[in-house]
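Just below is one structure, and these are the notes that go with it.
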Amino acid sequence: MQGPVFQDRFTAGRALARLLVRHAHRPDTRVLALPRGGVPVAYEVARALGAPLDVFIVRKLGTPGHEELAMGAIATGGTRVLNPEVIDELGITAVQLDAVTAHETRELQRRELSYRQGRPALDVHGCGVILVDDGLATGSTMRAALAALRLQHPSRITVAVPVAPPDTCEALAPLVDEMVCARTPRPFDAVGLWYRHFDQTSDEEVQDLLARSAHQAAPQPGV
Numbered sequence: 001m002q003g004p005v006f007q008d009r010f011t012a013g014r015a016l017a018r019l020l021v022r023h024a025h026r027p028d029t030r031v032l033a034l035p036r037g038g039v040p041v042a043y044e045v046a047r048a049l050g051a052p053l054d055v056f057i058v059r060k061l062g063t064p065g066h067e068e069l070a071m072g073a074i075a076t077g078g079t080r081v082l083n084p085e086v087i088d089e090l091g092i093t094a095v096q097l098d099a100v101t102a103h104e105t106r107e108l109q110r111r112e113l114s115y116r117q118g119r120p121a122l123d124v125h126g127c128g129v130i131l132v133d134d135g136l137a138t139g140s141t142m143r144a145a146l147a148a149l150r151l152q153h154p155s156r157i158t159v160a161v162p163v164a165p166p167d168t169c170e171a172l173a174p175l176v177d178e179m180v181c182a183r184t185p186r187p188f189d190a191v192g193l194w195y196r197h198f199d200q201t202s203d204e205e206v207q208d209l210l211a212r213s214a215h216q217a218a219p220q221p222g223v
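1 is the number of the first residue of the sequence shown in the UniProt record's numbering; add one for each residue after it.
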């Protein structure tokens with residue numbers, strides 16, 4: 001098995017950006033990151049493409065008593081995507097579903113307020129969205145994000161990741177307009193194995209990178 005191919009998430013983002021140059025400096029391009037690990041990668045992508053950056057937060061709706069089993073997900077923008085098969089099979093009631101949704105909505109809103117620090121969410125309606133993470137394993141979180149993002153009616157969705165198993169990239173490709181996987185090693189094992197440095201991204205780092213990106217995108221005085 002080969003060793004790490006990326007020094008860290010920032011170098012991975014710069015490598016990924018080189019595969020996305022056709023999206024550079026287009027006024028309708030938006031870069032959305034799945035936090036937290038996707039934010040450093042997406043920061044470099046957005047910087048290289050001259051595009052605004054935001055987070056797209058997904059929270060799993062775990063079934064009561066079996067929280068690891070998802071009966072749906074909620075995401076940035078107030079969208080909710082449900083898995084009716086799981087809900088029906090376990091007899092989840094509307095009251096239970098609403099209670100879990102309310103709990104996860106509070107956490108999602110807390111993270112959005114914390115990460116954006118008062119800045120509004122990007123409007124992606126009619127825009128070409130590049131959805132970025134630091135890697136994919138099964139792709140389940142990305143699937144939930146895609147289902148929620150479609151409800152915001154972007155004109156085009158590109159999923160871009162530095163590394164993922166080839167079968168995951170192939171499975172997601174029909175769900176998007178463009179699938180960009182910089183590296184698709186086999187065997188894969190885990191995302192972190194392909195990074196030399198894969199420390200957990202902190203909330204503070206997410207805040208800082210979003211603020212820096214917003215400052216870079218803002219019109220400068222006298223320009």
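Note that CB positions come from ideal geometry on N, CA and C, so glycine has one too.
Cβ of residue i within 7 angstroms of any heavy atom in the ligand ZN?
| i | result |
| --- | --- |
| Ala-75 | This structure does not include the ligand ZN; it has no bound ligands of any sort. |
Measuring alpha carbon to alpha carbon, tell me which residue in the options is nearest residue i.
| i | options | result |
| --- | --- | --- |
| Ile-57 | Gly-38, Arg-186 and Glu-89 | Gly-38 |
| residue 226 | Arg-26, Pro-35, Glu-67 and Pro-64 | The question about residue 226 has no answer here: the residues shown for the chain are numbered 1 through 223. |
| Ala-160 | Leu-149, Ala-171, Cys-169 and Val-180 | Val-180 |
| residue 277 | Ala-46, Ile-87 and Asp-54 | In the structure displayed, the chain extends from 1 to 223; residue 277 sits before or after that span and is not available. |
| Asp-167 | Arg-150, Leu-20, Thr-29 and Pro-187 | Pro-187 |
| Leu-175 | Leu-193, Trp-194 and Leu-149 | Leu-149 |
| Pro-52 | Leu-122, Leu-193 and Leu-131 | Leu-122 |
| His-23 | Met-142, Glu-170, Val-45 and Arg-36 | Val-45 |
| Leu-16 | Phe-6, Ala-182 and Thr-141 | Ala-182 |
Quick one: is residue i buried, meaning 16 or more other Cβ sit within 10 Å of its Cβ, or exposed?
| i | result |
| --- | --- |
| His-197 | exposed |
| Ser-213 | buried |
| Leu-136 | buried |
| Asp-134 | buried |
Rounded to whole angstroms, what's the CA-CA distance from residue i to residue j? Just pull it up for me.
| i | j | result |
| --- | --- | --- |
| Gly-77 | Glu-112 | 10 angstroms |
| Asp-203 | Leu-210 | 11 angstroms |
| Arg-59 | Ala-144 | 9 angstroms |
| Thr-158 | His-215 | 25 angstroms |
| Pro-40 | Ala-147 | 23 angstroms |
| Asn-83 | Met-71 | 5 angstroms |
| Arg-106 | Val-100 | 10 angstroms |
| Ile-92 | Gly-126 | 35 angstroms |
| Glu-178 | Thr-63 | 32 angstroms |
| Asp-54 | Val-206 | 10 angstroms |
| Leu-172 | Ala-164 | 11 angstroms |
| Ala-75 | Leu-108 | 8 angstroms |
What residue does the alpha helix (DSSP H) around residue i start on, and which one ends it?
| i | result |
| --- | --- |
| Gly-72 | From DSSP, Gly-72 is part of no alpha helix (DSSP H) but of the beta strand (DSSP E) over 66–75. |
| Thr-29 | Segment 29–33 is the beta strand (DSSP E) holding Thr-29; no alpha helix (DSSP H) there. |
| Asp-98 | 94–116 |
| Arg-143 | 140–150 |
Start and end of the beta strand (DSSP E) containing residue i?
| i | result |
| --- | --- |
| Cys-169 | No beta strand (DSSP E) holds Cys-169; the alpha helix (DSSP H) holding it covers 166–172. |
| residue 275 | Examination of residue 275 is not possible in this model, given that the chain is present from 1 through 223 alone. |
| Ala-182 | 178–183 |
| Ala-160 | 156–163 |
| Arg-59 | 58–63 |
Less than 8 angstroms between CB atoms is the rule here; does residue i satisfy it with respect to chain E?
| i | result |
| --- | --- |
| Leu-146 | Note that chain E does not occur in the displayed structure, where there is just one protein chain. |
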